């Protein structure tokens, strides 16, 4: 068992060094390999297949609410990027510039898209003429580039995969409805499929997207008490439409500007899966998103009938994503590997089990072992996976709730910020100055003004002036 | 009907000007919109959804033969691209170079991937150590950039979408087997799903991929008699492995170079679908790939019960991809639109049909109309779609065979090249000089040396020296 132990010991404990624990998992679960290009990561099969499942689940939810997929160029001419002032200020410092095509210098620089509002505006200005052409609810799955100085796998990288939805509407109301609708699609997906509970809310002006009128966000709490912005949805009003001249002729025969939204979710969410559910043995994947849901590990596999019994169990589990590990490694090594990779269920089956017409089903999240009759293993595995999925959500919710604090005095707020990693709920007057002071003195940023507002006090936690809203504050990735 | 007629008249006839007919369809079927960036196209929902279906079908076939998906960076450092001599010579003249990240000049230029052999080599050199790690059968779905001077939607563009598979193996035999296996996956997919028959064969040295030992290809014949290279599969031997030092320790404990393959199919294939199946009324999509398989068009839809009957038919056709067009356009306009977009079946249902408990089913490919009882419309639609799919393949095969010629004399060859658009089969000695002379004097390139070799004569069609192989010659897109 020496080798098996080594595999497990190679991960840093999360309590000892959370950042190193994260990096260890990402590498040892073979989610990611570093590339020779600074800040660009390689998604290996174990990592990419999680993204494939996310795409599949989320895309079905998009299509159910009328989203159509498209593909736009990866390049944006500099003049197009420059058209909306706030937007270019937000993105220009972190884009990659293409200056040469083959051996020739380009007459105009092209940036590799950091996001595609400008390209979609350009498209919509070409194809939208009348109210009959509205709404357009387009989305693309693609990669984008942001030249970040500090990078971490999934959480922040120079290139990353995402989807970006861009819609145009005849009225402001319809745009606002779509903005909220897509935020809800994200939140429901994260809760139901990834077992990650989300706080839904609106960003403060300081934290909103470059060029947006309003940005909405879903915020999750990681195991270490830090927050992760997990998806955003923006309402642009008609700001971009005016900059790009995207107009339509309405029913009343007057020419109007369209109202626009965009919304995105990226591979960053895989970082959330790791940091919400993982433990010191490695990754723990929620059953609904796990590329492999069940690992069947034969015990004493050289004995007669064992591999056949394992294959028969796999056959019976046809409704699930199942792998039999019949490699020549020891069972202990295989257990450690299955745990590291976060495969939700392990089924152990050896000569004694076969004799008893049973197998041992072991849950990855809590280690619970159940002897299950081979006759009903398909039904029982389904039940255990469902239970594990809901337990994981409840556990994540309980952890978040236990790490969500309230503060009504400035001293109490600062003390909580210093000593209690988690969300801190506190009232705010709405002034940028207070937001900046909170960042400066308590080291927290505003995560969002939640849709579910509460009134903890009448006063801003920072300046004591009348409060406008409850805000979730936290340290963020 | 004036407006309806205009929509149809807006397409150039294919016999009059095939290139303009193609461009008209691409635009009027709303497959593509031009972008502000030269040579970069926008895939609109009608175009992108075809690609989504191609991805879905092909990816399932990949996974059935053990392919795993990954994602590698879109950038290649110049030094990495330079490692394999033939490869860099082939691609350097047509890559886009990134020179700046944000406001800073990069210390080393990065090219946007034109293809990713170099990146996969770099990855495999990091993760392959032992024979236990082999084979690796990875694929990625992504976009690539080749700075082409002349571009046409789908056929040749500066940026395009594709999949690129890259594999490494312990032996030369296994690499060769995989190369052929993936070519067969492509050919089967094209025949069974896209209804396009393919000639499978090997490229001459002149036409092979930069850096490959052998390139295999599938070649299709378009309606105008020109050929389209529709997918390629390359065997690299250990050439790249040596350049990138990709080695493994074999069972006998010696260190060996891996053997490598790559294979790709791109959005170019959508051009083939258009040019093989389209007609003067627009696009004709094979049922298995069509995003919408059935358009239900209510006749006199304001009359009582018509829209309800249309909805009931849709309900009954739940196994298919169906849309009801209940917009306020005239039926004639809707017919023209359905034809332009290539939707395989149109179902017309009006008050008289409802009275007779029937609907009219009209095939897009041959205009055949059938009155079908509403009681069995689900079964009949399934049958008609299947029949249409196989008829389309047979029609495409008959067209190709009728435009495939044989030549055994140089004069006969040149005459055929001048007067008979299509494939010309002729013997070849294997010398580059003859290949160049054929290009120069007959205007044809070698499409492939087909797997199904025949012996039309003992002599090279060009020089008269002993022939080595039968070659398909043609004009190519």
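Residue numbers (my numbering), protein chains in the order written: chain A, 134 to 610; chain B, 134 to 610.
Just so it is clear, CB atoms sit at the ideal spot from N, CA and C, and this is done for glycine as well.
Keep in mind the model is a prediction, meaning the values are calculated, not measured.
Cross-strand partners of residue i (DSSP beta bridge)
i: residue 522/A; result: DSSP output for residue 522/A lists no bridge partner at all.
i: residue 390/B; result: 380/B
i: residue 350/A; result: 334/A, 365/A
i: residue 609/A; result: 360/A
i: residue 399/B; result: 295/B
i: residue 479/A; result: 428/A, 495/A
i: residue 612/B; result: Since the first and last residues shown for chain B are 134 and 610, residue 612/B lies out of range.
i: residue 289/A; result: 285/A
i: residue 457/A; result: 429/A
i: residue 592/B; result: 599/B
i: residue 201/A; result: 271/A
i: residue 409/B; result: BP columns for residue 409/B are empty, so no partner.
Boundaries (first-last residue) of the alpha helix (DSSP H) holding residue i
i: residue 490/B; result: Counting along the chain, residue 490/B falls outside any alpha helix (DSSP H), and DSSP gives it neither H nor E.
i: residue 251/B; result: 250-260
i: residue 154/B; result: 151-161
i: residue 323/A; result: 305-325
i: residue 570/A; result: 565-575
i: residue 579/B; result: Premise fails: residue 579/B lies in the beta strand (DSSP E), 578-583, not in any alpha helix (DSSP H).
i: residue 473/B; result: 464-474
i: residue 441/A; result: 439-449
i: residue 539/B; result: Not the alpha helix (DSSP H): residue 539/B falls in the beta strand (DSSP E), residues 537-539.
i: residue 552/A; result: 543-552
i: residue 221/B; result: 218-224
Endpoints, beta strand (DSSP E) assigned at residue i
i: residue 177/A; result: Note, residue 177/A: premise wrong, no beta strand (DSSP E); not H, not E.
i: residue 280/B; result: From DSSP, residue 280/B is part of no beta strand (DSSP E); its letter is neither H nor E.
i: residue 166/B; result: 165-167
i: residue 145/B; result: Careful: residue 145/B lies outside any beta strand (DSSP E) and carries neither H nor E.
i: residue 212/B; result: Looking at the DSSP string, residue 212/B is not in any beta strand (DSSP E); the run it does join, the alpha helix (DSSP H), is 211-214.
i: residue 557/A; result: 556-561
i: residue 505/B; result: 502-506
Whole-Å CB distance - residue i paired with residue j, under 8 Å assumed
i: residue 446/B; j: residue 492/B; result: 6 Å
i: residue 603/B; j: residue 583/B; result: 6 Å
i: residue 217/A; j: residue 415/A; result: Contact flag wrong, Cβ pair sits at about 44 Å.
i: residue 620/A; j: residue 560/A; result: Because chain A is modelled from 134 through 610, residue 620/A falls outside the range shown and cannot be assessed.
i: residue 608/B; j: residue 563/B; result: With 8 Å as the limit, residue 608/B and residue 563/B do not qualify as a contact, their Cβ atoms being about 22 Å apart.
i: residue 329/B; j: residue 409/B; result: 5 Å
Task: Sufficient close CB pairs (3 or more, under 8 Å) joining the stretch 427-439 of chain B to the stretch 539-548 of chain B - done: No, they do not touch.
TODO: Report yes or no: do the stretch 197-217 of chain A and the stretch 171-180 of chain B share at least 3 C-beta pairs separated by less than 8 Å?
DONE: yes
Task: Residues within the stretch 210-239 of chain B neighbouring chain A, beta-carbon criterion of under 8 Å - done: 210, 213, 225, 226, 227, 228, 229, 230, 231, 232, 233, 234, 235, 236
TODO: Could you tell me whether the stretch 248-262 of chain B touches the stretch 366-385 of chain B, where touching means 3 or more Cβ pairs closer than 8 Å?
DONE: Flag = yes, the stretch 248-262 of chain B and the stretch 366-385 of chain B touch.
- [ ] Name, going along the chain, the residues of the stretch 157-179 of chain A whose beta-carbon falls closer than 7 Å to a beta-carbon of chain B.
- [x] Listed by position along the chain: 166, 168, 169, 170, 173, 175, 176, 177, 178.
Task: Residues, ordered as in the chain, of the stretch 438-454 of chain A that lie near chain B by beta-carbon distance below 9 Å - done: Contact residues of the stretch 438-454 of chain A toward chain B are absent (C-beta to C-beta distance below 9 Å).
Open item on the list: For the structure I just gave you, are there three or more beta carbon pairs, one from the stretch 328-338 of chain A and one from the stretch 279-295 of chain A, closer than 8 Å?
Closed with: no
- [ ] Could you list the residues in the stretch 189-208 of chain A with a C-beta less than 7 Å from some C-beta on chain B, going in chain order?
- [x] Per Cβ criterion, the list reads 201, 202, 203, 204, 205, 206, 207, 208.
- [ ] Select from the stretch 260-272 of chain B all residues with a C-beta closer than 8 Å to any C-beta belonging to chain A, and list them in chain order.
- [x] 260, 271
Task: Short-range partners of chain B found in the stretch 273-292 of chain A, where Cβ spacing is below 7 Å - done: 276, 280, 292
TODO: May I ask you to verify whether the stretch 380-399 of chain B touches the stretch 408-424 of chain B, counting CB pairs closer than 8 Å and requiring at least 3?
DONE: no
Task: Residues, ordered as in the chain, of the stretch 576-587 of chain A that lie near chain B by beta-carbon distance below 7 Å - done: Of all residues in the stretch 576-587 of chain A, none has a Cβ within less than 7 Å of some Cβ in chain B.
Task: chain A contacts from the stretch 376-387 of chain B (Cβ-Cβ distance under 7 Å) - done: Listed by position along the chain: nothing, the set is empty.
TODO: Decide if the stretch 222-236 of chain A is in contact with the stretch 221-238 of chain B; the criterion is three or more beta carbon pairs, one per stretch, under 8 Å apart.
DONE: yes
Task: Segment contact, 8 Å Cβ cut-off, at least three pairs: the stretch 343-355 of chain A with the stretch 363-374 of chain A - done: yes
Task: Interfacial residues, the stretch 502-530 of chain B to chain A, with Cβ spacing under 9 Å - done: none
Open item on the list: Residues of the stretch 246-258 of chain A in Cβ contact with chain B at a cutoff of 9 Å, in chain order, please.
Closed with: 252, 255, 256
Open item on the list: Count Cβ pairs between the stretch 154-168 of chain B and the stretch 469-478 of chain B that sit closer than 8 Å; are there 3 or more?
Closed with: yes
TODO: Kindly confirm or deny that the stretch 483-491 of chain B and the stretch 428-435 of chain B touch, where touching means at least three C-beta pairs closer than 8 Å.
DONE: yes
Task: Segment contact, 8 Å Cβ cut-off, at least three pairs: the stretch 450-457 of chain A with the stretch 510-526 of chain A - done: yes
- [ ] Check whether the stretch 453-466 of chain A touches the stretch 547-557 of chain A, taking contact to mean three or more Cβ pairs, one atom from each stretch, closer than 8 Å.
- [x] no
Task: Cβ contact check for the stretch 525-540 of chain A and the stretch 505-512 of chain A: 3 or more pairs under 8 Å - done: no
Task: Inter-stretch contact (C-beta, 8 Å, three-pair minimum) for the stretch 274-281 of chain B and the stretch 311-325 of chain B - done: Result no; under three Cβ-Cβ pairs closer than 8 Å.
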